[in-house]
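Quick notes on the structure that follows.
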Amino acid sequence: MTQIKAKTKNLKNFSTSTERFEGSNLLCPGCAHSIIVREVLNATDDNLILAASTGCLEVCTAVYPHTSWDASWIHIGFENGSSAVAGAEAMHKALKKKGRLKQPERTPKFVAFGGDGATYDIGFQWISGCFERGHDMMYVCLDNEVYANTGGQRSSSTPIGASATTSPAGRTSYGEKRNKKDIMAIMAAHGAPYVAQVAPNKWKDMVKKIQTGFATEGPVFINAMSACTTEWKFAPEDTIAISDLATESLVFPLYEIIDGTELNITYRPKNVIPVRDYLGAQGRFKHLFSKQYEYLIDEWQSRVDAKWEYLQRREEARV
Amino acid sequence: MADIFELKDIEVWDGNMAASHALRQAQVDVVAAYPITPSTPIVENYGNFMANGYVDGEYVMAESEHGAMSCCIGAAAAGGRVATATSSQGFALMLETLYSASGMRLPILLNVVNRAIAAPLNVNGDHSDMYMGRDSGWIQIDCYNPQEVYDMNLVAFHVAEDHDIRLPAMVHQDGFMTSHTAQRVKTLSDEQAYNFVGEFKPMNDMLDLDNPVTHGAQTEEDWHFEHKAPQHHALMSAVLPKIQAAFDELKSLTGREYNFVEEYNMDDAELAIVCMGTSVETAIEVSNELREQGVKAGVVGIRVFRPFPLEQIADALKNTKAIATLDRSSPNGTVGMLYNEITGALFNTSTNTVVNNYIYGLGGRDLTKVNLHTVYRDLAKNAQNGKLMTPLQQFIGLRGPKLSFF
Ligand SMILES: Cc1ncc(C[n+]2csc(CCOP(=O)(O)OP(=O)(O)O)c2C)c(N)n1
Ligand code: SF4
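Here the protein sequences come in this chain order: A and B.
Quick note: the first sequence, position 220, residue 353 per our numbering, numbers continuous.
Quick note: the second sequence, position 4, residue 88 per our numbering, numbers continuous.
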């Protein structure tokens with residue numbers, strides 16, 4: 134592993150950096166997408182070439198004739214934000230070789246954003262292709278565990294027991310039947326130089342990882358937990374509180390994987406709280422608290438425990 | 085800088101090689117590609133040029149055609165010359181992105197080596213993919229032989245990248261019949277060809293770091309129409325004059341003349357076959373034979389398919405008494421695509437011609453001279469009687485029950 138050095142802007146620095154993602158967007162009040170995107174963009178002073186896949190972020194931030202992006206930005210479709218940025222990155226390389234860059238002294242950073250639908254499901258092939266080819270780009274998944282833009286259908290990131298419109302909880306169903314896909318392991322298995330999971334409430338950890346990503350050559354994958362007030366069903370002002378519950382309960386552990394192997398846990402809660410507290414705070418899990426389905430909460434807890442155990446062992450093993 | 089590839093004045097190239105050399109001479113900045121028969125050699129040849137220092141851009145072997153065109157769109161938006169190639173299923177997989185490329189007004193060159201679309205699976209030439217692209221907002225130019233493939237690639241770059249146009253362009257050739265048949269091709273030197281294509285001049289490029297741009301924004305009912313209409317307007321009004329200018333320039337450079345609508349033996353023709361691709365050349369031979377017998381038989385080949393040259397077509401056919409449109413794709417529930425287009429062009433003219441629709445050559449089935457003699461015989465009957473004497477739609481050379489409709 135090439136030693137990655139990343140400088141974290143301190144809080145003052147960070148909060149006063151020029152806005153590159155304007156508040157003038159149509160995302161729901163309390164949407165974590167906007168917090169994450171703002172932190173990603175403000176984490177660097179370099180020029181940015183950005184892409185967004187179809188989804189909440191895209192439809193809410195570039196509605197002609199307006200744009201919330203103070204950087205070049207492209208949207209093609211639901212599945213191919215990664216390839217759009219990869220194409221731009223290839224053009225940058227080509228024009229650099231040919232001596233035709235307008236600002237040859239500046240090297241922009243290439244970033245694609247996609248929801249979990251665009252990442253775990255439909256866009257997976259394109260992302261896999263980009264990572265295998267080794268484009269110098271960052272892919273950020275805004276993981277709200279649901280297709281929010283189309284009104285809350287399940288994705289392969291939707292966790293077991295969540296009620297989504299295509300896997301609704303009802304008299305005979307507890308909602309989503311499958312476990313969330315382990316996208317981190319899959320992306321690490323591509324041998325990507327840097328893969329990290331982040332959450333907006335742990336902003337310092339997040340900015341550090343984004344800056345590490347920007348300092349890394351080659352494809353970087355960031356999985357960002359993005360609490361969705363509308364589909365997770367919590368009050369807009371509770372976004373960070375819900376995010377805190379996710380990281381403190383270890384439902385959403387924060388870690389990074391370097392060169393596909395070296396795993397580092399980057400946040401260890403002092404007092405781990407029960408998964409029950411996390412589930413109980415969201416409308417999408419409300420039905421789990423009935424007698425009929427309560428056993429699922431225990432199952433949830435043991436799955437989270439087992440995953441945490443696994444991550445710690447992986448970290449210790451240094452492989 | 086890439087090395088000069090010393091070409092002879094005349095090379096023996098198949099259509100794929102002709103396309104590859106055109107891409108090389110245009111010094112494409114990014115080629116993103118995914119192989120599919122029969123277009124595969126275009127990208128293989130290109131890879132070979134790259135491996136030997138004859139091109140110096142970036143070559144992205146994508147994970148699929150959809151990914152390849154997505155990369156091309158990102159690359160074109162970044163501001164440089166971009167090309168790729170595909171056929172058939174690959175074209176179908178790309179289709180979603182083709183609309184994005186034209187909607188964002190990005191000049192990209194796509195060589196489409198025409199092939200049937202499954203099911204049943206078939207690797208041979210027909211025009212199903214070409215017609216599938218007809219509403220995607222791309223310029224579509226059709227070729228009959230490797231020489232034309234070479235010339236039309238150079239023309240397509242020149243036109244597509246013009247700042248008044250800024251639309252992507254497809255160059256079509258028939259799978260195997262053109263793509264794999266080697267013929268003599270008159271070449272331009274690398275310098276001549278590059279000068280003809282011209283230097284790429286970026287516009288609204290994402291890599292102009294001081295002037296950020298947004299590509300592919302969302303527009304709903306309040307703006308969508310105002311974006312699609314100018315796109316259509318550019319295709320309808322700006323493209324044909326620009327292609328004409330490119331044809332004129334190519335003619336002065338090479339002596340080779342091209343038209344939107346190629347007419348053969350049409351001066352006083354009463355019977356005309358209208359078709360595309362390699363069948364044009366077969367039809368020309370048959371019409372020559374008939375001319376010797378005193379039959380006023382002519383051929384109209386559609387060179388520019390999008391924008392559809394309505395006026396030139398009406399003009400070419402104005403004195404005919406009977407026309408056959410030859411469609412190399414399965415119409416699936418209506419008359420053939422070309423029949424629709426041609427009758428549309430003629431409907432409000434004073435022409436009183438009778439038009440037949442023939443379906444032929446699906447999945448690479450041969451079209452023989454004998455077949456076309458039969459077609460001209462049908463036309464002669466129609467012309468003599470001033471009305472359809474045969475069914476409106478017939479299938480040429482189909483085994484089993486003779487299919488005909490209406
Ligand atoms: C090919 C294609 N299929 C389906 C859609 C419809 N669609 C648009 S956004 C979306 C869901 C987006 O979900 P996700 O990627 O998780 O992003 P979010 O909106 O949750 O941020 C869907 C299904 C589409 N635009 N294109
Ligand atoms: S639906 Fe969810 S993800 Fe979409 S804008 Fe609202 S809060 Fe954000």
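Using N, Cα and C, we set each Cβ at its ideal position, and we do this for glycine too.
Remember, predicted model here, so these are calculated numbers, not experimental data.
- Linking Ser273/B to Met101/B through their CA atoms gives a straight-line distance of about 15 Å.
- Taking CB atoms only, Gly221/B has no neighbour in chain A less than 8 Å away.
- In the structure shown, Gln286/A falls within a strand segment according to DSSP collapsed to helix, strand and coil.
- Annotation for Asp289/B indicates a beta carbon at 7 Å or more from all heavy atoms of ligand 1.
- Distances between the C-beta of Cys161/A and the heavy atoms of ligand 2 include at least one below 7 Å.
- Put simply, the CB of Pro352/A is far from chain B, with every gap to its CB atoms at 8 Å or more.
- For Arg287/A, the closest Cβ of chain B is not nearer than 8 Å.
- Residues of chain B whose Cβ lies closer than 7 Å to the Cβ of Met270/A do not exist; the shortest such Cβ separation is about 10 Å.
- Uninterrupted beta strand (DSSP E) stretches at least 3 residues long and entirely within the region 247–328 of chain A occur at 271–276, given in chain order.
- Residue side-chain check: Cys189/A places its Cβ nearer than 7 Å to a non-hydrogen atom of ligand 1.
- Taken atom to atom, the span from the alpha-carbon of Thr121/B to that of Pro386/A is near 47 Å.
- Taking the Cα positions, Trp336/A is about 15 Å away from Thr149/A.
- Interface with chain A (8 Å Cβ-Cβ cutoff): Asp274/B is excluded.
- Taken through DSSP and simplified to helix, strand or coil, Ile249/B comes out as coil.
- For Tyr280/A, the shortest C-beta to heavy atom distance toward ligand 1 is below 7 Å.
- For Leu194/B, the closest of Pro125/B, Phe241/B, Met261/B by C-alpha to C-alpha distance is Phe241/B.
- At a cut-off of 8 Å between beta carbons, Asp371/A makes no contact with chain B.
- The region 323–338 of chain A and the region 242–249 of chain A do not touch, with fewer than three beta-carbon pairs separated by less than 8 Å.
- For the region 196–216 of chain A, the beta-carbon criterion of a distance under 7 Å to any beta-carbon of chain B is satisfied by Val196, Tyr197, Thr200, Trp202, Asp203, Ala204, Ser205, Trp206, Ile207, His208, Ile209, Gly210, Asn213, Ser216.
- Inclusion of Gly210/A in the 7 Å shell around ligand 1 follows from its C-beta lying nearer than that to a non-hydrogen atom of the ligand.
- At least 8 Å separates the CB of Ser186/A from every CB of chain B.
- Counting the other Cβ atoms within 10 Å of the Cβ of Ser359/A gives 16 or more, which makes it buried.
- Contact note: Ser261/A reaches chain B through Glu147, using a C-beta cutoff of 8 Å and chain order.
- When secondary structure is reduced to three states using DSSP, Ala116/B falls in the strand class.
- Burial is judged here by how many other beta carbons sit within 10 angstroms of a residue's own beta carbon; Leu487/B has fewer than 16 and is exposed.
- Secondary structure remark: continuous beta strand (DSSP E) runs of at least 3 residues inside the region 450–484 of chain B, in chain order: 477–479.
- The Cβ-Cβ distance between Ala217/A and Ala184/A falls below 8 Å.
- DSSP places Val439/B within a strand segment (E or B) once states are collapsed to three.
- Between the C-alpha atoms of Leu472/B and Leu463/B there is a straight-line separation of about 9 Å.
- Contact with chain B is absent for His420/A, since none of that chain's Cβ atoms lies less than 8 Å from the residue's Cβ.
- Rounded to whole angstroms, the separation of the alpha carbons of Ala356/B and Ala400/B is 10 Å.
- Taking 8 Å as the cut-off, the Cβ atoms of Asn334/A and Asp371/A do not count as close.
- The beta-carbon distance between Pro230/B and Asp98/B, rounded to whole angstroms, is 6 Å. This is short enough to meet the 8 Å contact definition.
- By the Cβ rule, the region 201–221 of chain B counts as touching the region 248–259 of chain B, because three or more pairs are nearer than 8 Å.
- Burial check for Gly284/A: the Cβ neighbour count within 10 Å stays below 16, so the residue is exposed.
- Taking a C-beta cut-off of 8 Å against chain B, the contacting residues of the region 223–254 of chain A are Ala223, Met224, His225, Lys226, Ala227, Leu228, Lys230, Lys231, Arg233, Leu234, Lys235, Gln236, Arg239, Pro241, listed in chain order.
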